[in-house]
Amino acid sequence: MKTGILRFPGSCDELDAQLAAQMVGETVMLWHGDRDLQDVDAVIVPGGFSYGDYLRAGAIARFSPVMESVIEFARDGGLVLGICNGFQVLCEAGLLPGALLPNANRRFTFRQVELEVVEGDTKFTSACPPGELLSIPAKHGSGRFYADEATLDQLEAGGQVVVRYRPEQNFNGSLRDIAGVRNAAGNVFGLMPHPEHAVDALTGSTDGLRIFESMRSATQGAYA
Amino acid sequence: MPEQLPGLKDALALGLTEAEYQLVCEKQGSPPNQVELAMYSLLWSEHCAYKHSKKLLATLPTEGPAVVMGPGENAGAVDVGDGLICAFKVESHNHPSAVEPFQGAATGVGGILRDIFAIGARPIAVLDSLRFGEIEQSERSRYLLEHAVAGIGHYGNSIGVPTVGGEVYFEAAYEQNCLVNARALGLGPREQLMRSAAAGVGNVVLIYGASTGRDGIGGASVLASAELGEADDDKRPTVQVGDPFEEKKLMECSLELLELGLIVSLQDLGAAGLTSSACEMASKGEVGIDLEVRKVPLREADMEPFEIMVSESQERMLCVIEPSDVDAVRAICDKWEVSSAAIGEVTDTRLMRIFSNGELVGEMPVEALVDDCPIYDLAPQRPSEPLYPPPLARLDGSEDLAAALLALVGSPNVASRRPLFEQYDSIVQSRTVRRPEQADAAVLALPNGTALAVSIDGNGRRVAADPYRGTLGVVLECASNLACVGAHPLGTTNNLNFGNPGKPHVAWQLSEAVRAIAEACTALEAPIVGGNVSLYNEGASGPIYPTPVIGMVGLLPDATRAGRLGFVEEGEAIALVGPFQPSLAASELSKLRGEQLPTELPEVDLEAVRDAQVAVRGAVRDGLIDSAHDIAEGGVATALVECALAGAIGAAIEIDPGGDAWEACFGEAPGGFICCGHPTALAQLGERTKVTVIGKVGGERLEIDLGSEKIELGLDQLRQRHRALGAVFQ
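Here it is, written out as structure tokens:
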């Protein structure tokens, strides 16, 4: 699997995402001003503050040249993972439903959170046994997942809620404890917690590695 | 164009003394004009010239086997092996933070980060050291705390540098003058190490980063005074405003320029802006620099030449490059959407010459600006009267030991810092092996399997009681924190936060503290590689507690064996380790009791404490023990609570109190550790330093049996109290 990692001038976790993706394949950094996705099998939109995010997280990034290509890539069925700011960008770009609002506590908050894998048969979670709990760090100021009731019902019915915060772990006030969702086609996934920061026991946990392993399995069929 | 020259009155208003002004006239050969006076007043300020501390700082040890770059550059650096250096420095942003805590703290972080990448290292960590008034009583202090923490988080989180540690204390002496010290560390290839000395006559001086505005025009603003006939309101200084996104681009741009070898010398623009940066570069390079102020990218077109020279707009860098590299350098700047402009040239004149549209508006010998500021002797005198009123009493003496322990655990100086550090990203860059509250020092993995350990420490109250012994304790505590994760110190940075050095008692505090730092750093082989001095920290009610802040960097040979502070396993033995001689003098308990500060602290056996640190460090490295925690504020009992809460497991302890159960439980001193491990391992440790087994890990409670008295508290109750600071941030 060759994974492309977007790099905006305000990206912060792009090298962390690269380290994680390198554990399951090769990687290439994709500059925000370039349209060429360099024949990657998957794209990661990483964490950070894309263009400073002074307006609204991800609001400007979704118009960047590289995102134009990512939108096209996703519509063609390409695998796209958005982490934290990347999740915000994918929502702004209309590739994922819902929006990420400022945390209920109105502060940037860093916490190791426990997630429940709600859907174990997705392209991003196939390596997780059903009901698996993942210990993964979260760190953000705008992570409160919001969508209207009808959309939330639809997401749950359609198996699009992929990961949920366990009880008492939902510090940002996300509706229905939603930590990550996928699109209806199943090839785009965004979550607020950082699986790329949970791939090495030395720095905390290895639970996040499952996400990247799942992506590798998903691409193997198509590109092996 | 006829110019009305400023005079003595303007010089005094800018902070120069009459004698200094006369000396400026002498060096210049005539009274300085507006631009020249502005530049002299800044470079001859305490901040730039260290005129009251230079002689003392010269007594500090600065050499050691790991030192690659000592004091005098943007940051110090130590060798960490495999061709890598660790750059680090601490700086204060006290006064801006007292005025506007969010931006003051944010720009403090921004400034220290620039110091790190200016020497060619990628910033890998931020720590902070904070002091405020009593948050339980003072709404202003709660406001300052909340906004300073938010400002630090805002800047560090947005730029992708983890904030991995820090310390905060609350004392009435900081009510009017809070302290915000920010420290950063960087990592870089040794061969990319960059100095700031300008070199190469004919080379181009280029400014890049944010444009220059009227923000942060410090003392110079008084130049826009009626006496000069320019009573213009729009020349009032405004608070500097940080823009972490601009700095992020500036950082990536700088590191790319350095990697490509396009830079001859590099300097950030901090206090005193272009004036300080350009003059420092010329002075170190023993050259001259010509600057054309009209080429500087400006936010406001009508800025005066002196304003451009003294502006403290953030997120700017100044570099010297070869003329043939100008296009390549500007192309990298364009890639990162960072503005750049060639604004001057390196000359052989040894003069700073400032031009405005080609007209010479200032000409000064570099040596006069940078080296000829008078240096003053201090007149230290030990005060005969107490300098500080006793703290407000929170305990009335009727409490039993358990109630006192609960009060300590919930007191702002001891309670969990989680509500603060949860606002910081401590893990970005995938290097953080030990996060806050997991160990006494933060641990950052290096590519070759070793790791850096980093801690920052201060204890103003103990230094106020006894500047010499109190400061010894601070340096020892910092090294003890490194020992607890298994690291030995490579180098030290320090921030000397004191009051007005012109006052004999402050001069005494400062002299005694520096004497202690020199002695302790020598004994610990932890040389000073850089630092900062912040004087005049006083309010109407008097000076702050003298607050030397010490920050060390240490190395662990094996990152996987980094120590932890929490108890690990049921049934393990717990030991009190080290030559620990607890005393209630200037302790946290004595503060809660409202006691006046003593006039001295017990003697410190530097060598014995160092030997204990070596022993603990070795035991952690060998994997002999499972936890290690330095005993600090609140004594043994508080340290035991911290170990139990961090490990989420209780303990049963028996202590022979000797004379005084209160002293045994809550007394403080350097050189004590709580360690847990297998009894035979602790016995082995006992061959290297004093070890007393005092109990066992297990259960849901902390029990401390002192013979005649007993403390029994549930972990839930202790945890509840330990979360007291959460109320400030609810």
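First to last, the sequence lines map onto chains Y and B. My numbering puts the first sequence at residues 1 to 224. My numbering puts the second sequence at residues 1 to 730. Glycine included, each C-beta is placed from N, C-alpha and C at the ideal position. Quantities reported herein were computed from a predicted structural model and do not represent experimental measurements.
Between which residues of its own chain and residue i is the CB-CB distance below 7 angstroms, once the five residues before and five after are set aside?
| i | result |
| --- | --- |
| B:Ala526 | Ala479, Pro489, Gly491, Thr492, Met552 |
| Y:Tyr146 | Gly98, Ala99, Leu101, Leu175 |
| B:Glu654 | Ile694, Gly695, Asp705 |
| B:Glu247 | Gly110, Leu113, Ile159, Glu315 |
| B:Asp611 | Thr689 |
| B:Gly566 | Ser627, Cys643, Ala646, Gly647 |
| B:Val338 | Tyr208, Gly209, Lys249, Leu250, Cys253 |
Can you give the Cα-Cα distance for residue i and residue j, rounded to whole angstroms?
| i | j | result |
| --- | --- | --- |
| B:Val487 | B:Arg617 | Checking the sequence, you will find Ala at residue 487 of chain B rather than Val. Computed Cα separation, rounded: 6 angstroms. |
| B:Leu592 | B:Ser708 | 24 angstroms |
| Y:Met192 | B:Asn157 | 15 angstroms |
| B:Asp215 | B:Arg299 | 10 angstroms |
| B:Pro244 | B:Tyr155 | 5 angstroms |
| Y:Arg62 | B:Gln423 | 27 angstroms |
| B:Leu420 | B:Phe132 | 14 angstroms |
| Y:Arg35 | Y:Leu90 | 17 angstroms |
| B:Gly219 | B:Val320 | Note on B:Gly219: pLDDT 40, under 50, position unreliable in the model; the coordinate value appears next. Roughly 28 angstroms separates the two Cα atoms. |
| Y:Asp41 | Y:Ile71 | 14 angstroms |
| Y:Phe108 | B:Gln34 | 45 angstroms |
| B:Val168 | B:Cys484 | 20 angstroms |
| B:Ala453 | B:Pro374 | 39 angstroms |
| B:Arg561 | B:Ala278 | 46 angstroms |
| Y:Ser135 | Y:Asn187 | 23 angstroms |
| B:Glu292 | B:Lys55 | 36 angstroms |
| B:Gln581 | B:Gln429 | 41 angstroms |
| B:Arg394 | B:Ile135 | 13 angstroms |
Compare the Cα-Cα distances from residue i to each of the options and report the closest residue.
| i | options | result |
| --- | --- | --- |
| Y:Leu202 | B:Lys54, B:Ala87, B:Ile427 | B:Ile427 |
| B:Gly659 | B:Leu187, B:Leu16, B:Pro383, B:Ser583 | B:Ser583 |
| B:Ser680 | B:Ala612, B:Ala573, B:Glu307 | In the sequence as presented, Ser is not what sits at residue 680 of chain B; that position holds Thr. Minimum Cα distance to B:Thr680 is reached at B:Ala573. |
| B:Ala465 | B:Glu367, B:Ser384, B:Ala125 | B:Ser384 |
| B:Ala182 | B:Pro6, B:Leu113, B:His154 | B:Leu113 |
| B:Ala118 | B:Glu367, B:Gly209, B:Phe580 | B:Gly209 |
| Y:Thr151 | Y:Ile178, Y:Leu133, Y:Gly173 | Y:Ile178 |
| Y:Ser217 | Y:Glu196, Y:Trp31, Y:Ala21 | Y:Ala21 |
| B:Lys696 | B:Thr689, B:Glu687, B:Ile674 | B:Ile674 |
| B:Asn494 | B:Glu20, B:Ala507, B:Phe88 | B:Phe88 |
| Y:Ala184 | Y:Leu19, Y:Leu209, Y:Lys123, Y:His194 | Y:Lys123 |
| Y:Phe73 | Y:Thr219, Y:Leu37, Y:Asn172 | Y:Leu37 |
| B:Glu570 | B:Met69, B:Leu685, B:Asp626 | B:Asp626 |
| B:Asn94 | B:Leu685, B:Asp327, B:Asn537, B:Ala652 | B:Asn537 |
| Y:Leu79 | Y:Leu209, Y:Arg182, Y:His197, Y:Thr206 | Y:Arg182 |
| B:Val78 | B:Gln176, B:Tyr174, B:Asp128, B:Pro189 | B:Pro189 |
| Y:Ala17 | Y:Gln220, Y:Phe212, Y:Thr219 | Y:Phe212 |
Can you give me the Cβ contacts of residue i inside the same chain, cut-off strictly under 6 angstroms, excluding the 5 residues immediately before and after it?
| i | result |
| --- | --- |
| Y:Gly10 | Gly48, Phe49, Ser50, Tyr51, Gly52 |
| B:Ala184 | Ile112, Leu113, Ile116, Pro123, Val126 |
| B:Glu512 | Pro467, Tyr468 |
| Y:Met29 | Ile5, Arg7 |
Can you find the residues in the same chain that come closer than 8 angstroms, C-beta to C-beta, to residue i, ignoring five residues on each side of it along the sequence?
| i | result |
| --- | --- |
| B:Asp348 | Val201, Val287, Gly288 |
| B:Met194 | Ala118, Ile119, Gly120, Leu258, Ile263, Ser265, Leu266 |
| B:Leu601 | Arg462, Ala465, Asp466, Arg469, Gly470, Gly473, Ser583, Ala585, Ala586 |
| Y:Gly120 | Ser126, Cys128, Pro129, Pro130, Gly131, Glu132 |
Confirm the yes/no value for this check: CB of residue i, any heavy atom of the ligand GDP, distance under 7 angstroms.
| i | result |
| --- | --- |
| B:Lys284 | Looking at this structure, you won't find the ligand GDP or any other ligand, since it has none at all. |
Could you run through the segment 591-619 of chain B and flag, in chain order, every residue whose CB is less than 7 angstroms away from some CB of chain Y? The residues in question: there are none.
Taking one C-beta from the segment 443-462 of chain B and one from the segment 549-556 of chain B each time, how about it: are there three or more such pairs within less than 8 angstroms? yes
Using a Cβ cut-off of 9 angstroms, which residues of the segment 67-95 of chain Y contact any Cβ in chain B, in chain order? none
What residues in the segment 443-455 of chain B bring their beta carbon closer than 8 angstroms to a beta carbon of chain Y? Contact residues of the segment 443-455 of chain B toward chain Y are Ala445 (C-beta to C-beta distance below 8 angstroms).
Validate contact between the segment 582-596 of chain B and the segment 532-544 of chain B using beta carbons, cut 8 angstroms, 3 pairs: no
Relative to chain Y, which residues along the segment 156-169 of chain B have a C-beta separation below 8 angstroms, given in chain order? Asn157, Ser158, Ile159, Gly160
Which residues of the segment 417-437 of chain B have a Cβ closer than 9 angstroms to any Cβ of chain Y? Give them in chain order. Listed by position, the residues of the segment 417-437 of chain B near chain Y (Cβ gap below 9 angstroms) are Phe421, Glu422, Gln423, Tyr424, Asp425, Ser426, Ile427, Val428, Gln429, Ser430, Arg431, Thr432, Val433, Arg435.
Contact between the segment 629-647 of chain B and the segment 407-416 of chain B (3+ Cβ pairs under 8 angstroms): Between the segment 629-647 of chain B and the segment 407-416 of chain B there are three or more inter-stretch CB-CB distances shorter than 8 angstroms, so the stretches are counted as touching.
Against chain B, which members of the segment 103-119 of chain Y pass a CB distance test of less than 9 angstroms? Asn105, Arg107, Phe108, Thr109, Phe110, Arg111, Gln112
For the segment 5-16 of chain Y, list every residue whose C-beta sits within 8 angstroms of some C-beta in chain B, in sequence order. Pro9, Gly10, Ser11, Cys12, Asp13, Leu15, Asp16
Beta carbons nearer than 7 angstroms to chain Y: which residues of the segment 323-342 of chain B have them? Trp336, Glu337
Three or more C-beta pairs below 8 angstroms linking the segment 102-115 of chain Y and the segment 157-165 of chain Y: Cβ pair count under 8 angstroms is three or more, so yes.
Give the residues from the segment 142-153 of chain Y that approach chain B closer than 9 angstroms (Cβ to any Cβ), ordered along the chain. none
Mind checking the segment 551-567 of chain B against chain Y and listing, in chain order, the residues whose C-beta falls within less than 7 angstroms of any C-beta there? Of all residues in the segment 551-567 of chain B, Ala559, Thr560 have a Cβ within less than 7 angstroms of some Cβ in chain Y.
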